[in-house]
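Presented below is the structure to which this report refers.
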Amino acid sequence: MNGTTAQRHYQNVLQVFQDYYQLTKPRIIPLLLITTAASMAIASNGKLDPLLLLLTMIGGTCATASAQTINCIYDSDIDYEMERTRNRPMPSGRVQPLHALIFAIALACISFAVLAVFVNLLSALLAMSGIAFYVGIYTHLLKRHTPYNIVIGGAAGAIPALVGWAAVTNTLSWTAWLIFAIVFLWTPPHFWALALMIRDEYAKVGVPMLPVVTDNIATARQIWRYTLVVIPTTFLLIYPLHASGVIYGAIAFILGAIFIMKAWSLLQNPDDKQASRSLFLYSILYMMLLCAAMVVDSLPITHHLIEMLSPSE
Ligand code: HEM
Ligand SMILES: CC(C)=CCC/C(C)=C/CC/C(C)=C/COP(=O)(O)OP(=O)(O)O
Numbered sequence: 371m372n373g374t375t376a377q378r379h380y381q382n383v384l385q386v387f388q389d390y391y392q393l394t395k396p397r398i399i400p401l402l403l404i405t406t407a408a409s410m411a412i413a414s415n416g417k418l419d420p421l422l423l424l425l426t427m428i429g430g431t432c433a434t435a436s437a438q439t440i441n442c443i444y445d446s447d448i449d450y451e452m453e454r455t456r457n458r459p460m461p462s463g464r465v466q467p468l469h470a471l472i473f474a475i476a477l478a479c480i481s482f483a484v485l486a487v488f489v490n491l492l493s494a495l496l497a498m499s500g501i502a503f504y505v506g507i508y509t510h511l512l513k514r515h516t517p518y519n520i521v522i523g524g525a526a527g528a529i530p531a532l533v534g535w536a537a538v539t540n541t542l543s544w545t546a547w548l549i550f551a552i553v554f555l556w557t558p559p560h561f562w563a564l565a566l567m568i569r570d571e572y573a574k575v576g577v578p579m580l581p582v583v584t585d586n587i588a589t590a591r592q593i594w595r596y597t598l599v600v601i602p603t604t605f606l607l608i609y610p611l612h613a614s615g616v617i618y619g620a621i622a623f624i625l626g627a628i629f630i631m632k633a634w635s636l637l638q639n640p641d642d643k644q645a646s647r648s649l650f651l652y653s654i655l656y657m658m659l660l661c662a663a664m665v666v667d668s669l670p671i672t673h674h675l676i677e678m679l680s681p682s683e
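In the working numbering, each residue carries its 1-based index in the sequence shown increased by 370.
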């Protein structure tokens, strides 16, 4: 091989890696993992075993990547039609469906093996149910057929929180289901804000997202309603569940107030793309910081600090 051929070969190999990486929709995975980590932190009272965290993250990443890859195979027809998704590896023909399927099955097997062998069977089964729900229920049954696709489908995105809890305790508790409910109720405002921005793309391919089958004002109203439900729900972690404390409460309060302001602003201007964009981007920051607050609040050092700062009797 001369220099130029070797360089071209190297570039081709790099492109193949990049294509398989893109199949997994990698930008969404970290936030899903943060919800898993937050759940694990609360479940272990902030005394999380780093090895258990690492293994659960590996299992969770592989399961999510597998689910997203199958979704890419299934949706390659509509992804080809939409500008936002046209350059994905499947619609642009850079990866063959069979190869992508083998990749997805391998990822699911690795996920199951890592979780079942090194973590526990419950977390492995939950991760597999996440793949089944996202592919079977959201992608196949709901996405192209009902505007409630993401309301029900949102449950898939909330499963990583259950995986985290199960990884630590080998069971599921009210707190686990509450974190699940927070992610579940957060998903419609998160997604509909985006759907308002790219309504025409979904309309073009006939995916019945809410702004396509109703209108912007009805969508903004639904976003507003879900926001008014999800924000109070976040406080149930403090009372009655006593799973988080004042640090989490203070952060959740500020984050929630901003969420409500942004949803209100969208309700006043449902056609304003800037308002929907702002809410969409903020919804991501919101979930990241809310989960970070759960983690910080659970740490023993936080409890020590609070004890030191509380007035003694
Ligand atoms: C059924 C539920 C959901 C739907 C339909 C949905 C849909 C979307 C879509 C279409 C995008 C734009 C992606 C792109 O431009 O390639 C997006 C972005 C994103 N979503 Fe969601 N989402 C859902 C749930 C979730 C959940 C549960 C999480 C994590 C907890 C999440 C995290 C993110 C993040 C971090 C981004 C930004 C990625 C980027 O930088 O482009 N989503 N979502
Ligand atoms: C435990 C486990 C494996 C859970 C699965 C979690 C999971 C994969 C959630 C994905 C949520 C999401 C980003 C949906 C977008 O799909 P879309 O098809 O509407 O997005 P698109 O329009 O960008 O293709």
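For each residue, glycine too, the CB sits at the ideal point set by N, CA and C.
Expected contact under 8 Å - CB spacing of residue i and residue j to nearest Å
i, j, result
"aspartate 641", "asparagine 586", "5 Å"
"glycine 534", "threonine 406", "4 Å"
"arginine 456", "serine 462", "7 Å"
"isoleucine 654", "leucine 401", "7 Å"
"valine 497", "alanine 433", "This sequence places alanine at residue 497; valine is not what is there. Confirmed, Cβ separation roughly 4 Å."
"alanine 546", "serine 493", "The pair is not a contact, with the Cβ atoms about 11 Å apart (cut-off 8 Å)."
"leucine 471", "threonine 431", "About 19 Å separates the two Cβ atoms, so there is no contact after all."
"valine 553", "alanine 531", "6 Å"
"proline 670", "glycine 416", "5 Å"
"lysine 632", "tyrosine 609", "With a Cβ gap of about 26 Å, lysine 632 and tyrosine 609 do not count as contacting."
"alanine 622", "leucine 660", "6 Å"
"leucine 548", "leucine 606", "6 Å"
For residue i, the nearest candidate out of the options (CA to CA)
i, options, result
"arginine 591", "Ala433, Leu636, Ile501, Tyr518", "Leu636"
"glycine 429", "Ala483, Ala474, Ile472, Ser543", "Ala483"
"isoleucine 443", "Met427, Ala433, Met460, Cys432", "Met460"
"proline 559", "Ala551, Arg595, Met658", "Arg595"
"threonine 557", "Val521, Glu571, Ser543", "Val521"
"proline 581", "Lys574, Val575, Thr589", "Thr589"
"alanine 525", "Ser648, Ile501, Leu649, Thr584", "Ile501"
"aspartate 570", "Ala494, Met452, Val386", "Met452"
"tyrosine 618", "Ala408, Met631, Trp634, Ala437", "Ala408"
"threonine 394", "Gly373, Phe473, Ile448, Asn382", "Phe473"
"alanine 364", "Phe629, Ile552, Leu424, Thr584", "Nothing can be reported for residue 364: it is not among the residues displayed for the chain, which extend from 371 to 683."
"serine 499", "Ala528, Ile568, Phe488", "Ala528"
"alanine 435", "Ile630, Ala476, Tyr652, Leu421", "Ala476"
"alanine 613", "His673, Ser648, Tyr450", "His673"
"leucine 663", "Gly615, Asn639, Leu649", "First, the residue type needs correcting, since residue 663 is alanine and not leucine in the sequence shown. Nearest of Gly615, Asn639, Leu649 to alanine 663, Cα basis: Gly615."
"leucine 424", "Glu677, Val538, Arg464, Ser646", "Val538"
"arginine 514", "Val465, Pro578, Leu625", "Pro578"
"asparagine 490", "Leu542, Asp447, Arg464, Phe503", "Leu542"
"aspartate 389", "Asn372, His469, Ala376", "His469"
Residue interval of the alpha helix (DSSP H) (run including residue i)
i, result
"valine 489", "From DSSP, valine 489 is part of no alpha helix (DSSP H); its letter is neither H nor E."
"leucine 401", "399 to 413"
"alanine 437", "420 to 444"
"phenylalanine 550", "544 to 567"
"threonine 584", "Where threonine 584 is concerned, there is no enclosing alpha helix (DSSP H), given that its DSSP letter is neither H nor E."
"glutamine 381", "373 to 393"
"glycine 523", "519 to 539"
Distance cut-off 7 Å: residue i Cβ against heavy atoms of ligand 4
i, result
"leucine 542", "For the structure depicted, ligand 4 is absent and the ligand set comprises only ligand 1 and ligand 2."
Which runs of the alpha helix (DSSP H), 4 residues or longer, sit entirely within the region 605 to 669?
616 to 638, 643 to 668
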